[in-house]
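This report concerns only the one structure given below.
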Amino acid sequence: MTDLAVILGATGGLGTAVVDAFATRGDRIIAVARSITGVSELAAKYPGRVTGDTANLTSRQDVDDLWERIDRVGVPR
Numbered sequence: 040m041t042d043l044a045v046i047l048g049a050t051g052g053l054g055t056a057v058v059d060a061f062a063t064r065g066d067r068i069i070a071v072a073r074s075i076t077g078v079s080e081l082a083a084k085y086p087g088r089v090t091g092d093t094a095n096l097t098s099r100q101d102v103d104d105l106w107e108r109i110d111r112v113g114v115p116r
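In the working numbering, the protein residues as written are 40 to 116.
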């Protein structure tokens with residue numbers, strides 16, 4: 040079984056590099072950003088490994104909703 044990584048700010052320079060590193064290692068990733076466009080591109084780059092999601096991390100409701108969606112996929116380690 041592969042690990043699950045949740046990467047916040049996944050479409051910024053450093054975030055994208057972290058996604059690339061984890062995906063190359065074979066982990067499953069939930070890539071989170073404010074815009075669906077960038078995370079969709081990451082999901083297309085790593086089909087079956089990266090799932091894109093959006094959340095405004097300054098919004099408590101968005102964060103709560105995000106963690107509910109993550110719980111459905113699995114708990115990250």
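We treat Cβ as the ideally placed atom computed from N, Cα and C, and that holds for glycine.
Beta-carbon gap between residue i and residue j smaller than 9 Å
i: V71; j: T55; result: no
i: T50; j: I68; result: no
Inter-residue Cα distance where the pair is residue i and residue j
i: D103; j: A44; result: 17 Å
i: Y85; j: G65; result: 10 Å
i: T97; j: R73; result: 10 Å
i: V57; j: G87; result: 17 Å
i: A60; j: I46; result: 11 Å
i: V52; j: G77; result: Going by the sequence as given, residue 52 is Gly instead of Val. About 11 Å.
i: I109; j: A62; result: 18 Å
i: Q100; j: G48; result: 17 Å
i: N95; j: V112; result: 20 Å
Per-residue DSSP class, three states only, for residue i
i: L43; result: strand
i: D101; result: helix
i: D92; result: strand
Assigned exposure category for residue i - 16 Cβ within 10 Å defines buried
i: L81; result: buried
i: A83; result: exposed
i: D42; result: exposed
Exercise. Entirely within the segment 45-93 and at least 4 residues each: give me those alpha helix (DSSP H) ranges in chain order.
Key: 52-64, 75-84
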